[in-house]
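Undergrad:
Residue numbers (the working numbering): 363 to 830.
(1) Going by beta-carbon coordinates alone, are residue 797 and residue 574 separated by less than 8 Å?
(2) So residue 713 is in the alpha helix (DSSP H); what residue range does that whole segment cover?
(3) If you run the structure through DSSP and keep just helix, strand and coil, what is residue 809?
(4) Got a sec, what are the start and stop residues for the alpha helix (DSSP H) residue 443 sits in?
(5) By a C-beta neighbour count over all protein chains shown, 10 Å radius and 16 as the cutoff for buried, is residue 333 buried or exposed?
(6) Compute the beta-carbon to beta-carbon distance between residue 467 and residue 474, rounded to the nearest angstrom, for a pair I have assumed lies under 8 Å.
(7) Would residue 502 be called buried (16 or more neighbouring beta carbons within 10 Å of its own) or exposed?
(8) Note down, in chain order, each residue of its chain lying with its Cβ closer than 6 Å to the Cβ of residue 827, except the 5 sequence neighbours on either side.
(9) Applying the 10 Å Cβ sphere with the 16-neighbour rule, what's the burial state of residue 599?
(10) CA-CA distance, residue 821 and residue 579?
(11) Could you have a look at residue 497 and say whether DSSP puts it in helix, strand or coil?
(12) How about residue 529 and residue 595: are their beta carbons less than 8 Å apart?
(13) With distances taken from CA atoms, which of 724, 587 and 484 is nearest residue 540?
(14) Would residue 486 and residue 556 be called neighbours here (beta carbons separated by less than 8 Å)?
(15) Using 8 Å as the threshold, is the C-beta distance between residue 845 and residue 819 below it?
(16) Considering only the beta carbon of each residue, do residue 606 and residue 626 sit closer than 8 Å?
(17) Label residue 533 either buried or exposed according to how many other C-beta atoms from any shown protein chain fall within 10 Å of its C-beta, with 16 as the threshold for buried.
(18) Measuring alpha carbon to alpha carbon, tell me which residue in 758, 804 and 489 is nearest residue 747.
(19) At the level of alpha carbons, what is the spacing between residue 808 and residue 454?
(20) Tell me where the alpha helix (DSSP H) around residue 540 begins and ends.
(21) Taking the alpha-carbon of residue 525 as reference, which of 542, 536 and 481 has the nearest alpha-carbon?
(22) Please state the DSSP three-state secondary structure of residue 739.
(23) If contacts are defined as beta-carbon pairs under 8 Å, then residue 441 and residue 752 qualify, I think. What distance do you get, rounded to the angstrom?
(24) Spatial neighbours of residue 450 within its chain, please: CB distance less than 6 Å, with the 5 preceding and 5 following residues excluded, ordered by chain position.
(25) Between which residues of its own chain and residue 319 is the CB-CB distance below 6 Å, once the five residues before and five after are set aside?
(26) Out of curiosity, what's the CA-to-CA distance linking residue 507 and residue 564?
(27) Do the CB positions of residue 582 and residue 778 come within less than 8 Å of each other?
(28) Since residue 386 and residue 515 are thought to touch, with beta carbons under 8 Å apart, how far apart are those beta carbons, to the nearest angstrom?
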């Protein structure tokens, strides 16, 4: 049976994050422009036969449209027009992807999460390839990475974010009783690659994002089946991650590393096979009681507690004024909360206070940082999407961002009430991304944020037209 044009267009849209990954994650101007053109061509395809979106989708689309309009309008007062225009290009790419996703992804509902999980897996595997087979693969390196996993995106924390989102998606897939056993086994088998990539990025924000994603998956689908799957995924990822961190030549990309790379490859394959076999066996033997949701006492209280733990982690990470942690691929980074982000955030808040309504203009943080910084370090971004939006677009920008989030949350709530647990994987992936962009500049990396945009599009397009 030939796939329909909307299904083909949806597949192309789902491949966009991976395609951009090989061009520094879409950060460069040419790749960003090409990605935006591709997204809007798919919007044109979707316009031919797209049904009217529901209210949550309209709210989310309106929020992103308003954010794009404000970014373009800020060219009138932004100090750096080239940077502001680049920001507008990026938001236009996300806007096109969201509109196309809402219209197209409903034609392939069972493909979205597996495709995006596979995309995250592929990006991390490419990054690991140089360490696993150094005699065969050589990737582009940067001195700023200090041995941390950064290729192909070019930024180690972005690689950590992709790995975290991938782990959340794979956890949800492995515990989804509606998926075929082979799909669930494949999701569990992907965990060692994602775990090794997460650890070798040495991204503390990535680890926090992964934890948030796993918690949300379990809260959205509180069943024995999901709990077992999460245990398998976490165990497989942890084994590969710990071994990767213990191999010095693999960890920092120095010295004769062929033997250590081979050793890590063997561990990853063994862990993947074990996780896949165990998960497939459990999936085949599951009985109906194991698949049923477990009644959580005071679920809202549990969700609030989980959110409080994540927020506490964010605040602890922020409240360190001793400078940057140890440079490079060092496990000691994971045991400290030292960071320069507090300084970035202080400047962002100060800029917002000076320009509360419409901000200092898109891209203005770069200028404000050079003016107010107290440490000799360059920074283009505030390393926090909400704070950077406040500094550059003010309350108007925050209102647009809140509108986008409100639409997605409303759609997610409707979907969860109508079909509990059906979108647990997507919720986990969105949670992981949300934590990451609160702590870093993943919004500026299309390969990272397109994963979340497409997950959001899938959620709000699947939400019932009326609240359950």
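Glycine included, every Cβ here is placed at the ideal spot set by N, Cα and C.
TA: From the atom records:
(1) yes
(2) 703 to 716
(3) helix
(4) 443 to 466
(5) Lying before the first or after the last residue shown, residue 333 is absent from the chain, which here runs from 363 to 830.
(6) 5 Å
(7) exposed
(8) 416
(9) buried
(10) 14 Å
(11) coil
(12) yes
(13) 587
(14) yes
(15) The structure shown does not extend to residue 845, since the chain is modelled only from 363 through 830, so no value can be given for it.
(16) yes
(17) buried
(18) 804
(19) 11 Å
(20) Unbroken run through residue 540: none, as it is neither H nor E.
(21) 481
(22) coil
(23) Residue 441 to residue 752, Cβ: 17 Å. No contact.
(24) 433 and 434
(25) Outside the modelled stretch of the chain, which goes from 363 to 830, sits residue 319, for which no answer is possible.
(26) 10 Å
(27) yes
(28) 6 Å
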